[in-house]
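Asker:
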Amino acid sequence: MPSQPNAHSPQTPGIAAGRLPPEDIAENFADLAPPLSPHEAAVAADRCYFCHDAPCITACPTSIDIPLFIRQIASDQPVAAAKTILSQNILGGMCARVCPTETLCEEACVRETAEAKPVEIGRLQRYATDTIMARGEHPFTRAAPTGKRIAVAGAGPAGLACAHRLAMLGHDVVIYEARQKGGGLNEFGIAAYKTPGGFAQAELEWLLGIGGIRIEYGTALENELTLELLQADHDAVFLGFGLGGVNALGLGDGPVRPATEFIAELRQTKDLSTLPVGRRVVVIGGGMTAIDAGVQSKLLGAEEVTIVYRRERAKMSASRLEQEHATDAGVRIICGASPKRVIGNGSGAAVEFAYTEETETGLRETGETFRLEADQIFTAIGQTLSEAPQGIALEGGKIRVDENGRTSLPGIWAGGDCALGGDDLTVTAVAEGRNAALDIHKSLA
20 MPSQPNAHSP QTPGIAAGRL PPEDIAENFA DLAPPLSPHE AAVAADRCYF CHDAPCITAC
80 PTSIDIPLFI RQIASDQPVA AAKTILSQNI LGGMCARVCP TETLCEEACV RETAEAKPVE
140 IGRLQRYATD TIMARGEHPF TRAAPTGKRI AVAGAGPAGL ACAHRLAMLG HDVVIYEARQ
200 KGGGLNEFGI AAYKTPGGFA QAELEWLLGI GGIRIEYGTA LENELTLELL QADHDAVFLG
260 FGLGGVNALG LGDGPVRPAT EFIAELRQTK DLSTLPVGRR VVVIGGGMTA IDAGVQSKLL
320 GAEEVTIVYR RERAKMSASR LEQEHATDAG VRIICGASPK RVIGNGSGAA VEFAYTEETE
380 TGLRETGETF RLEADQIFTA IGQTLSEAPQ GIALEGGKIR VDENGRTSLP GIWAGGDCAL
440 GGDDLTVTAV AEGRNAALDI HKSLA
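The opening residue of the sequence shown carries number 20 in the working numbering; numbering runs sequentially from there.
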């Protein structure tokens, strides 16, 4: 849904820039989890049992050999550890920052089961990958040229992982990216305090060090660039363009804006003290996008921020750790309430909600309602394909693929958020892009 006219401008009543001094905003958006020092990394690594049948590996969507890389850190070999990580997940640096490790590898950790305190796998992964990137080293080289040329639509996590693996295997890759900047979700859709210092772009440039990959920016898969044209000029095509559309709230006029749009603007704003934010902010949704929009609104100086989710708290897709981070930041979370209508505009706006309850036949309204005043309303109720490529079979609003990422059209693969399956995580997109690349390589042999 497009944003309302002037819904986020400084002139809109109740929405203003500079609610906090620049130095306070800079502190608020500093690194959420500072990196480990070598000594801290050694101590953290020493807690690992180095399980032979490690459940943490199974819990990782990219199947990183976690005990091996932690053992390498413990023996003071962070570069070797990084190579172990990156051989499975070329975006391991970003994933170390944004993966919900608390529900993946760390939840499966034997230390978590025994002591409720897992090995800090995510922070150890960051220590290793930061070390190799700081040295400017690229751990892989290209195989002998194959003479094959593959098109990748989208320079997000899935597209980049696919392109990198194909380049390693000796193929030439052209990435067609609609925006003027690569990175996809990593650049435009993740909270700024998780990836400060321009890390997404630094990792992108580092990844391209493999060679054999060219990115054509400002080129969308639309009328001027059809699947037919891509197939005619390339030996295979991978679609990894994410989800460009957003689900509409459809509850009347008001200062309503997609949370994804707000987060993208925030990520591209150099001076956050100039970014307007409401005094009273309401976020509708229960996933990571809702949490990121709510927390960042608070960090920008919003006085009241409320996230409202229609089901019970245990069913929020945002992890418990992220929910706690939001409440620690001063964000209120209300569950069991569904939006009914938006009333008014600007500083006079409010959202009316109906309380809900879970029943055997599904969610139902109780008949009780309440209102939240808001001069800024963000919707985080899911994304959709902005435009499905012609001729490709869809399922559940996404591109239907098999276990190797093959679509219904020969010679075309897909992965990441635009494809069916997975859980819309960076790490899952990386796994799908990498696996599709291996299948593409196999098909071209």
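Using N, Cα and C, we set each Cβ at its ideal position, and we do this for glycine too.
So, are the CB atoms of Ala16 and Gly424 less than 8 angstroms apart?
Answerer: Nothing can be reported for residue 16: it is not among the residues displayed for the chain, which extend from 20 to 464.
Asker: Residues in its own chain within less than 7 angstroms of Ile104 by CB, not counting five upstream and five downstream?
Answerer: If you number the sequence shown from 1, residue 104 lands on position 85. Ile83, Phe88, Gly111, Gln144, Ala147 and Thr148, listed in sequence order.
Asker: Tell me whether the beta-carbon of Ile229 lies closer than 8 angstroms to the beta-carbon of His183.
Answerer: Along the sequence shown, one-based indexing puts residue 229 at 210. Along the sequence shown, one-based indexing puts residue 183 at 164. Taking the C-beta atoms as reference points, His183 is found nearer than 8 angstroms to Ile229.
Asker: Return the CA-CA distance between Glu451 and Arg390, expressed in angstroms with no decimal places.
Answerer: Within the sequence shown, residue 451 is the residue found at index 432, counting from 1. Within the sequence shown, residue 390 is the residue found at index 371, counting from 1. Those two C-alpha atoms are separated by around 42 angstroms.
Asker: Quickly, what does DSSP pair Lys417 with across the bridge? List them, please.
Answerer: Position 398 of the sequence shown holds residue 417. Bridge partners of Lys417: Glu414.
Asker: What do you reckon, are the CB atoms on Ala393 and Ala369 nearer than 8 angstroms?
Answerer: The residue given as residue 393 occupies position 374 in the sequence shown. The residue given as residue 369 occupies position 350 in the sequence shown. Contact flag set, yes.
Asker: With burial defined as no fewer than 16 other Cβ atoms inside 10 Å of the residue's Cβ, what is the status of Cys124: buried or exposed?
Answerer: Position 105 of the sequence shown, counted from the first residue, corresponds to residue 124. Cys124 should be labelled buried.
Asker: So what's Tyr146 in DSSP terms, helix, strand or just coil?
Answerer: As a first step, residue 146 is located in the sequence shown; it is residue number 127 there, counting from the start. Helix at Tyr146.
Asker: May I ask which residues mark the beginning and end of the beta strand (DSSP E) holding Glu42?
Answerer: Walking along the sequence shown from the start, residue 42 turns up at place 23. Note, Glu42: premise wrong, no beta strand (DSSP E); alpha helix (DSSP H) at Pro41 to Asn47.
Asker: Just the Cα atoms here: how many angstroms apart are Ile34 and Ala153?
Answerer: What you label residue 34 is simply residue 15 of the sequence shown in a count that begins at 1. What you label residue 153 is simply residue 134 of the sequence shown in a count that begins at 1. About 40 angstroms.
Asker: Using a Cβ-Cβ cutoff of less than 7 angstroms, which residues in the same chain neighbour His71 once the five nearest sequence positions on both sides are dropped?
Answerer: Here residue 71 refers to the residue found at position 52 of the sequence shown. Nothing meets the Cβ criterion.
Asker: Which term fits His27, buried or exposed, when burial requires 16 or more other beta carbons within 10 angstroms of its beta carbon?
Answerer: Here residue 27 refers to the residue found at position 8 when the sequence shown is read from its first residue. In this predicted model, His27 has a pLDDT of only 45, less than 50, meaning its place in the structure is not dependable; the value taken from the coordinates is given anyway. Classification of His27: buried, given that the 10 Å Cβ count is 16 or more.
Asker: Please report how far the alpha carbon of Val256 lies from the alpha carbon of Arg286, in whole angstroms.
Answerer: Within the sequence shown, the letter at position 237 stands for residue 256. Within the sequence shown, the letter at position 267 stands for residue 286. Approximately 30 angstroms between the Cα atoms of the pair.
Asker: Under 8 angstroms, do Gly263 and Leu204 count as touching if we go by C-beta distance?
Answerer: In the sequence shown, residue 263 corresponds to position 244, counting from 1. In the sequence shown, residue 204 corresponds to position 185, counting from 1. Not in contact: Gly263 and Leu204 (Cβ atoms no closer than 8 angstroms).
Asker: Measuring only the C-alpha atoms, how far is Gly166 from Lys461?
Answerer: Residue 166 sits at position 147 when you count from the first residue of the sequence shown. Residue 461 sits at position 442 when you count from the first residue of the sequence shown. Taking the straight line from one Cα to the other gives about 14 angstroms.
Asker: From His58 to Leu226, what distance separates their C-alpha atoms?
Answerer: What you label residue 58 is simply residue 39 of the sequence shown in a count that begins at 1. What you label residue 226 is simply residue 207 of the sequence shown in a count that begins at 1. Looking at the two C-alpha atoms, the distance is approximately 28 angstroms.
Asker: Evaluate Pro274 with the Cβ neighbour count: other Cβ atoms within 10 Å of its Cβ, from every protein chain shown; 16 or more gives buried, anything less gives exposed.
Answerer: The sequence position of residue 274 within the sequence shown is 255, counting from 1. Burial call: buried.
Asker: Among residues of its own chain, excluding the 5 on either side of Ala99, which ones have a beta-carbon nearer than 7 angstroms to its beta-carbon?
Answerer: Locating residue 99 in the sequence shown gives position 80, counting from the first residue. Closer than 7 angstroms at Cβ, skipping near neighbours: Gln91.
Asker: Please work out which residues of its chain come closer than 6 angstroms, Cβ to Cβ, to Val300, disregarding the five sequence neighbours upstream and downstream, and give them in chain order.
Answerer: The count along the sequence shown starts at 1 and reaches residue 300 at position 281. Hits under 6 angstroms: Ser316, Ala321, Val324 and Gln395.
Asker: With DSSP as the reference, label Cys181 as helix, strand or coil.
Answerer: For the purposes of this step, residue 181 is taken as residue 162 along the sequence shown, with counting starting at 1. Helix at Cys181.
Asker: From which residue to which residue does the beta strand (DSSP E) around Glu384 run?
Answerer: Here residue 384 refers to the residue found at position 365 when the sequence shown is read from its first residue. That run of the beta strand (DSSP E) goes Gly381 to Glu392.
Asker: Would Ile362 and Val327 be called neighbours here (beta carbons separated by less than 8 angstroms)?
Answerer: The residue labelled residue 362 in the question sits at position 343 within the sequence shown. The residue labelled residue 327 in the question sits at position 308 within the sequence shown. Result no, Cβ atoms of Ile362 and Val327 do not sit closer than 8 angstroms.
Asker: With burial defined as no fewer than 16 other Cβ atoms inside 10 Å of the residue's Cβ, what is the status of Pro24: buried or exposed?
Answerer: Here the question's residue 24 lines up with position 5 in the sequence shown. Caution is warranted here: a pLDDT of 37 is assigned to Pro24, below 50, making its placement in the model unreliable, and no coordinate value can be reported.
Asker: Just tell me which of Asp347, Gly410, Glu341 and Gly416 has its CA closest to the CA of Ala210.
Answerer: Position 191 of the sequence shown, counted from the start, is the residue given in the question as residue 210. Considering only alpha carbons, the answer is Glu341.
Asker: Roughly how many angstroms lie between the CA atoms of Glu343 and Phe48, to the nearest whole one?
Answerer: Against the sequence shown, residue 343 aligns to sequence position 324. Against the sequence shown, residue 48 aligns to sequence position 29. Roughly 17 angstroms between the two C-alpha positions.
Asker: Could you pull the start and end residues of the beta strand (DSSP E) that Thr325 belongs to?
Answerer: If you number the sequence shown from 1, residue 325 lands on position 306. Looking at the DSSP string, the run of the beta strand (DSSP E) that includes Thr325 is Glu323 to Tyr328.
Asker: Hey, does Tyr328 have any beta-carbon neighbour from chain B nearer than 8 angstroms?
Answerer: Note that chain B does not occur in the displayed structure, where there is just one protein chain.
Asker: Buried or exposed for Gln409, going by 16 or more other Cβ atoms inside 10 Å?
Answerer: Position 390 of the sequence shown, counting from 1, holds the residue named residue 409. Gln409 comes out exposed.
Asker: Does the stretch 414-421 come within contact of the stretch 233-251, defined as at least 3 CB pairs closer than 8 angstroms?
Answerer: no
Asker: Which complete beta strand (DSSP E) runs does the stretch 93-142 hold, if anything under 3 residues is left out?
Answerer: Here no run is fully enclosed.
Asker: Is it buried or exposed for Gly208, if we count other Cβ within 10 angstroms and need 16 for buried?
Answerer: By 1-based counting over the sequence shown, the position of residue 208 is 189. If you draw a 10 Å sphere on the C-beta of Gly208, you find 16 or more other C-beta atoms in it, and that means buried.
Asker: So, helix, strand or coil for Cys437, using DSSP?
Answerer: If you number the sequence shown from 1, residue 437 lands on position 418. DSSP places Cys437 in helix when its eight states are reduced to three.
Asker: Beta-carbon within less than 7 angstroms of Glu131's beta-carbon, same chain only, minus the 5 sequence neighbours each way: which residues are those?
Answerer: Numbered from 1 along the sequence shown, position 112 holds the residue referred to as residue 131. Only Glu125 and Pro137 meet the Cβ criterion.
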